[in-house]
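All remarks here apply to the structure that follows.
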Amino acid sequence: MGKKKSGPFSGQHIVSKSSAATNFPTFFLIKRISTCNETFHSVSPFLVERAITGSVGDVKSTKKLRSGDLLVEVQSRKQSEQIVKLKTFSNILVTVSPHATLNSSKGVITCGELLNVPTEEILKELQGQGVSHVRRISIRRDGQLLNTKHIILTFDSAKLPENIKAGYMRLSVRTYIPNPLRCFKCQRFGHSKTSCRGTLACARCAEVGHESTDCTRTEKCVNCKGEHTSFSRNCIAWKREKEIITTKIKKQISYPEARKLVNSQTLTPGNSYVSVAKKSFSAPSVQQNPDASAVACSKPSDSTAKASPPITNLPVPCSPSVAPVSEEALASPDFNDFQLVRNKKG
Ligand SMILES: [Zn+2]
Ligand SMILES: [Zn+2]
Ligand SMILES: [Zn+2]
Numbered sequence: 001m002g003k004k005k006s007g008p009f010s011g012q013h014i015v016s017k018s019s020a021a022t023n024f025p026t027f028f029l030i031k032r033i034s035t036c037n038e039t040f041h042s043v044s045p046f047l048v049e050r051a052i053t054g055s056v057g058d059v060k061s062t063k064k065l066r067s068g069d070l071l072v073e074v075q076s077r078k079q080s081e082q083i084v085k086l087k088t089f090s091n092i093l094v095t096v097s098p099h100a101t102l103n104s105s106k107g108v109i110t111c112g113e114l115l116n117v118p119t120e121e122i123l124k125e126l127q128g129q130g131v132s133h134v135r136r137i138s139i140r141r142d143g144q145l146l147n148t149k150h151i152i153l154t155f156d157s158a159k160l161p162e163n164i165k166a167g168y169m170r171l172s173v174r175t176y177i178p179n180p181l182r183c184f185k186c187q188r189f190g191h192s193k194t195s196c197r198g199t200l201a202c203a204r205c206a207e208v209g210h211e212s213t214d215c216t217r218t219e220k221c222v223n224c225k226g227e228h229t230s231f232s233r234n235c236i237a238w239k240r241e242k243e244i245i246t247t248k249i250k251k252q253i254s255y256p257e258a259r260k261l262v263n264s265q266t267l268t269p270g271n272s273y274v275s276v277a278k279k280s281f282s283a284p285s286v287q288q289n290p291d292a293s294a295v296a297c298s299k300p301s302d303s304t305a306k307a308s309p310p311i312t313n314l315p316v317p318c319s320p321s322v323a324p325v326s327e328e329a330l331a332s333p334d335f336n337d338f339q340l341v342r343n344k345k346g
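This is the structure in structure tokens:
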């Protein structure tokens with residue numbers, strides 16, 4: 001068993017300087033400097049295009065965000081270095097900064113040999129490969145926080161490497177897909193209870209005005225109106241939400257873009273990410289910041305959720321393919337004896 005001492009938030013400091021010589025930011029946010037909140041909503045697209053290409057050349061893409069700021073993806077290190085120096089678009093004052101999250105990516109490695117290695121040390125050892133942050137997935141069981149051999153690595157590049165070297169071991173890196181965030185107050189997705197502007201709805205029967213704790217009424221889902229609780233993993237709305245998050249990460253696009261894409265596609269069984277996710281397993285919903293370390297296995301309001309459906313297929317650590325993996329899967333109670341079930345293929 002892991003040393004209890006290294007708690008969930010140990011090794012949480014972020015080392016911002018990149019030691020990987022090949023990595024440079026490719027996504028940049030361009031904001032207007034304005035005293036009266038002017039944005040690019042009111043700026044001619046010709047002017048914007050000319051200002052960008054005129055100073056750094058043709059870029060990979062330029063998009064206007066809903067905020068009215070511009071998101072520019074450059075295609076070379078030279079452009080990356082040039083674009084941050086921009087101060088004006090014609091006579092418009094601007095600031096240019098690397099995008100906070102798009103220039104990094106998260107992946108999961110699984111390694112029993114690293115179970116007792118402190119995350120600080122893992123970070124130090126892997127920094128040279130572009131790792132900027134290390135977080136171990138821990139699970140809560142009987143009130144105790146237990147380490148697992150699954151580790152989330154943040155890389156300082158938009159593209160996730162297929163594998164990394166940890167000492168003499170080569171470990172495959174799987175895409176880290178956080179679970180949809182469901183509000184424990186209104187039961188909707190995409191925000192948490194603390195920032196909820198909706199009304200209290202029962203997670204069991206979908207009626208407004210009471211909590212699910214003592215509710216014995218017929219199950220009904222707030223999000224899809226189906227005959228299940230709002231925390232059910234059989235919920236079509238949950239699956240869709242998961243698909244949107246997966247698409248967002250895989251394609252590195254914004255949430256609204258990903259939602260549009262997913263909604264425009266008909267979900268075909270067999271090729272959606274959801275079907276991949278289904279092949280692993282699920283646990284009760286966990287309300288948390290995707291970056292919070294501890295994975296609680298149940299919440300009071302969700303305690304009626306089934307904890308462990310059968311596992312049919314697990315991500316294989318030595319598999320050459322980089323399959324998406326979700327934290328709930330890795331932190332499932334089924335996993336907490338740290339026995340890794342390997343499937344035979346590959
Ligand atoms: Zn809410
Ligand atoms: Zn109810
Ligand atoms: Zn539903």
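Its first residue numbered 1, the sequence shown is counted upward by one per residue in UniProt numbering.
Quick reminder that beta carbons are idealized off the backbone N, C-alpha and C, glycines included.
Which whole-angstrom value is the C-beta distance of residue i and residue j, which I expect to be below 8 Å?
i, j, result
"residue 51", "residue 102", "About 21 Å; that fails the 8 Å criterion."
"residue 131", "residue 155", "6 Å"
"residue 122", "residue 151", "7 Å"
"residue 87", "residue 74", "Going by Cβ atoms, the distance from residue 87 to residue 74 rounds to 17 Å, so no, they are not a contact pair."
"residue 83", "residue 43", "About 17 Å; that fails the 8 Å criterion."
"residue 108", "residue 174", "5 Å"
"residue 181", "residue 172", "Rounded, the Cβ-Cβ distance is 27 Å, inconsistent with contact."
Report yes if the C-beta of residue i is less than 7 Å from at least one heavy atom of ligand 1; otherwise report no.
i, result
"residue 140", "no"
"residue 196", "yes"
"residue 235", "no"
"residue 111", "no"
Out of the options, which one is the CA nearest neighbour of residue i?
i, options, result
"residue 348", "254, 264 and 263", "Only positions 1 to 346 of the chain appear in this structure, which leaves residue 348 out of reach."
"residue 49", "35, 37, 38 and 71", "71"
"residue 245", "258, 235, 237 and 166", "258"
"residue 116", "148, 93, 172 and 139", "148"
"residue 202", "194, 215 and 191", "215"
"residue 347", "204, 226, 27 and 225", "Beyond the ends of the chain as shown, which are 1 and 346, falls residue 347; an answer cannot be given."
"residue 25", "39, 45 and 79", "79"
"residue 197", "210, 237 and 183", "183"
"residue 239", "209, 54, 189 and 141", "189"
"residue 94", "129, 68, 192 and 237", "68"
"residue 129", "222, 162 and 76", "162"
"residue 235", "247, 220 and 248", "220"
"residue 248", "186, 211 and 179", "179"
"residue 231", "89, 185 and 63", "185"
"residue 125", "28, 91 and 166", "166"
"residue 187", "91, 153, 228 and 136", "228"
"residue 92", "98, 119, 40 and 168", "40"
"residue 29", "207, 63 and 96", "96"
"residue 63", "199, 120 and 27", "27"
Is residue i near ligand 3, in the sense that its beta carbon is under 7 Å from a heavy atom of that ligand?
i, result
"residue 190", "no"
"residue 224", "yes"
"residue 186", "no"
"residue 221", "yes"
"residue 36", "no"
"residue 244", "no"
"residue 232", "yes"
"residue 228", "yes"
Comparing the CB of residue i with every heavy atom of ligand 2, is any distance shorter than 7 Å?
i, result
"residue 210", "yes"
"residue 207", "yes"
"residue 217", "yes"
"residue 202", "yes"
Taking buried to mean at least 16 other C-beta atoms within 10 Å of its own C-beta, is residue i buried or exposed?
i, result
"residue 160", "buried"
"residue 164", "buried"
"residue 33", "exposed"
"residue 262", "buried"
"residue 213", "exposed"
"residue 46", "exposed"
"residue 242", "buried"
"residue 66", "exposed"
"residue 104", "buried"
"residue 291", "Low per-residue confidence applies at residue 291: pLDDT is 38, beneath 50, and the placement is therefore not dependable, though the value from the model is reported in the following sentence. Under this definition residue 291 is an exposed residue."
"residue 194", "exposed"
"residue 106", "buried"
"residue 23", "buried"
"residue 222", "buried"
"residue 293", "Residue confidence for residue 293 is low, a pLDDT of 38 falling below 50, so the modelled location carries little weight; the figure read from the coordinates is stated next. Buried, by the Cβ-count rule."
"residue 53", "exposed"
"residue 138", "buried"
"residue 153", "buried"
"residue 110", "buried"
"residue 199", "exposed"
"residue 119", "buried"
"residue 77", "exposed"
"residue 136", "buried"
"residue 233", "buried"
For ligand 5, any of its heavy atoms closer than 7 Å to the Cβ of residue i?
i, result
"residue 158", "Ligands present in the displayed structure are limited to ligand 1, ligand 2 and ligand 3, and ligand 5 is not among them."
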